[in-house]
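Visitor:
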Amino acid sequence: MSYDLAVWEGERPADGKAAARAFTGLYECYVDTDAEHPPTERIAAYVAALLERWCDVTEDEEDTSPWSTGPLIGEARGPLVYFPMRWSMAEEASGYAATLADSMGLVCFDPQQNRLRP
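In this text, residue positions in the sequence shown follow the UniProt record's numbering: the first is 1, and each later residue adds one.
1) Could you check how far apart the C-beta atoms of A14 and Y82 are, in whole angstroms? I think they sit under 8 Å.
2) In this structure, what does DSSP give as the bridge partners for R53?
3) Report back the beta-carbon spacing between F23 and P118 to the nearest angstrom; my notes put them in contact at under 8 Å.
4) Provide the residue span of the beta strand (DSSP E) that contains D110, from first to last.
5) Out of R53, R21, I73, state which residue places its alpha-carbon closest to the alpha-carbon of P66.
6) In angstroms, rounded to a whole number, what distance separates the CA positions of Y96 and A35?
7) May I ask which residues mark the beginning and end of the alpha helix (DSSP H) holding Y96?
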C-alpha cells in the first residue's frame with residue numbers, strides 16, 4: 001500500500017473540492033490515456049529536486065528512498081506528476097514534497113484526503 005500525491009502546474013484551486021476536480025481532469029487527460037505526454041520542464045525540475053533529497057528507488061541500495069515506484073520521472077505526464085510513497089516514510093516525504101511544490105509555484109494535492117497541501 002502506498003500514499004499518493006499529485007503535483008501540477010497551474011493556478012491554485014480555491015479549495016479541496018476544486019482541486020479534486022482539477023486533479024481528475026488532469027489525470028484523465030494525461031495519465032488515463034495511451035497518448036505520450038513527456039513531462040514539462042517545470043515538472044521535470046520538480047522531480048529532479050525531489051531526487052536531490054532522496055534517491056530514486058531504482059538506485060536505492062540502502063532502503064532509504066520514500067518512493068514506491070521508479071524511475072520517479074516515469075510518473076510525470078505533461079504538467080502533472082502523480083506519485084506513490086511508502087507509508088513508512090509518507091509523512092516526512094509528503095511534507096517535503098508539498099513544501100517544495102509550493103516553493104516552485106506548483107499545486108500539491110493529497111487525493112487520500114481531498115485537500116490541498118500545504
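We put the CB at the ideal spot given by N, CA and C, even for glycine.
Guide: Taking the geometry as given:
1) As a working note, residue 14 is residue 14 in the sequence shown. As a working note, residue 82 is residue 82 in the sequence shown. Not a contact, Cβ separation roughly 21 Å.
2) Residue mapping note: residue 53 aligns to position 53 of the sequence shown, counting from 1. Bridge partners of R53: none, in fact.
3) For the purposes of this step, residue 23 is taken as the residue at position 23 of the sequence shown. For the purposes of this step, residue 118 is taken as the residue at position 118 of the sequence shown. That belief does not hold up - the Cβ atoms of F23 and P118 are roughly 16 Å apart, past 8 Å.
4) Locating residue 110 in the sequence shown gives position 110, counting from the first residue. Note, D110: beta strand (DSSP E), 107-110.
5) Here residue 66 is taken as the residue at index 66 of the sequence shown, counted from 1. Nearest of R53, R21, I73 to P66, Cα basis: R53.
6) Numbered from its first residue, the sequence shown carries residue 96 at position 96. Numbered from its first residue, the sequence shown carries residue 35 at position 35. Near 31 Å, if we compare the C-alpha coordinates of A35 and Y96.
7) By one-based count along the sequence shown, residue 96 stands at place 96. First-last of the alpha helix (DSSP H) with Y96: 90-103.
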